[in-house]
Amino acid sequence: MSKYRNLIFLNRNLYFYLKSGYSIEKALLMLIDQRKRKSKINKILNNILKALYSGKSIYDSFKNVNKFEDYMLYLIKIGEESGTLAESFKKIYEYYEEKEKQEKKIIELISYPMLVLFFSMVLFYILIMYFVPLIYGVLQEVEGSKLNGLKHLLNINLFLRQYGIYIFSILIALVIGIIFCMYKKNIIFYFILNKAFIIKQLYLKRFSINFFYSLSLLIKSGFNLINALDIIYEIEKDPFIKEKLKICILNLKGGKSLSHALKQMSIFNYYNLNLVTVGEDTGFLEENFQHIYFFEKQKFNDGCNKFLKVLQPTIIVLLGIVVFNVIYSGIVPIIDSIGGI
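The sequence shown begins at 7 in this note's numbering and counts up by one.
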């Protein structure tokens, strides 16, 4: 299950219940009844409910459980103060739905090639370790020059037999290290995301989409530009991007234009920066944020689809070449032997 599922479930249902005229307390009680009694989300909802009954505000009740991002909490606060709480919950669940879609797209982008690569390596290993020695043993009487291809493959076989355990151990350690970095999301993880060329392009594109979507949503909810950027800064986990956001906010507070401040971050393309400039000059900044978001999202999806269309047949062709070379190295000497009889 996606990590956003519970947040989407919670905020979507709160929106529908409040929109239907229920109080926040009644809405929470109905949500608790829908879930298993001992589920984690029920414990959180019960704690929120207790805080509400004790006289705390809705914002403070959600904040005190320490389970929700500042982004969600700030939208709840503005909704509570402005009397538009239902709309705030709607914006929150739409925000997490969008993040979930992007996450699924990235998983789709990397899962197929990784799966094919894994099975290709397994197939190559089986061919080298079992098929090649078998064929070589049968064809030892054949003239040596005709077995050059097999001899090269046999050398790989011998290398894997001698050092395979070390290679396997290093790969396992590498995979565990990557999983650990992804789970902990430490400085190494974010360094790789910001420095590895192909990964960096994908990662910063995703950040750009989220950034303009969040700005549009927050400004539409009543936040001014600097407050909206402050919220985005608070919820950002990447220390490298966080530092750039900090400088961006300081530039704005120092009297610089938004387009100039964003340009200093070295993340956004000239098309986006030009639209921001137009938005500042015309007063349609929120609308231009939405336009940038939709444009970048479409570009991102199209790019992912094109990449997959090219990558899938490429991997299959490369796998076919490897298998063909192994089989060809064994079949040609056999045919030559038959021809010499």
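We treat Cβ as the ideally placed atom computed from N, Cα and C, and that holds for glycine.
Between tyrosine 277 and phenylalanine 295, the CB-CB gap reaches or exceeds 9 angstroms. In the structure shown, the three-state DSSP call for glutamate 240 is helix.
The DSSP assignment places complete alpha helix (DSSP H) segments of no fewer than 4 residues inside the region 41-109 at 46-59, 64-69, 76-88, in order along the chain. In the DSSP assignment, leucine 133 falls outside any alpha helix (DSSP H), carrying neither H nor E. Distance check between histidine 297 and each of Lys9, Val282, Val71, Gly170 places Val282 closest, using alpha-carbon atoms only. Membership of isoleucine 205 in the alpha helix (DSSP H) is indicated by the continuous run 203-226. Burial check for glycine 260: the Cβ neighbour count within 10 Å stays below 16, so the residue is exposed. Nearest in C-alpha terms to asparagine 163, of all of Gln108, Tyr142, Ala179, Ile178, is Tyr142.
Taken in chain order, the region 254-296 contains no complete beta strand (DSSP E) segment of 3 residues or longer. In the displayed model, tyrosine 21 falls within a helix according to three-state DSSP. Excluding five sequence positions before and after glutamine 318, the CB atoms of its chain that fall closer than 7 angstroms to its own CB belong to Tyr118, given in chain order.
Cβ-Cβ distances below 8 angstroms link lysine 248 to Tyr239, Glu242 in the same chain, with the five nearest sequence neighbours on each side left out; the list follows chain order. Note on geometry: alpha-carbon atoms of lysine 83 and leucine 199 lie some 33 angstroms from one another. In the structure shown, serine 29 falls within a coil segment according to DSSP collapsed to helix, strand and coil. Isoleucine 132 and valine 316 have their C-alpha atoms some 27 angstroms from each other. Nearest neighbour of isoleucine 54 by Cα position, chosen from Leu156, Ser45, Leu34, Lys46, turns out to be Leu34. For tyrosine 118, the secondary structure class from DSSP, reduced to helix, strand or coil, is helix. Annotated as distal: tyrosine 102 and tyrosine 219, with beta-carbon spacing of 9 angstroms or more. Per DSSP, reduced to three states, the secondary structure at lysine 9 is coil, with no helix or strand assignment. Looking at Asn192, His266, Lys111, the one whose alpha-carbon comes closest to that of valine 284 is His266. Between serine 67 and leucine 51, the alpha-carbon positions lie close to 10 angstroms from each other. Looking from the CA of phenylalanine 217, the closest CA among Ala234, Gly61, Ile176, Phe229 belongs to Ala234. In this structure, isoleucine 193 and proline 245 form a Cβ contact; the two beta carbons are roughly 6 angstroms apart against a cut-off of 8 angstroms.
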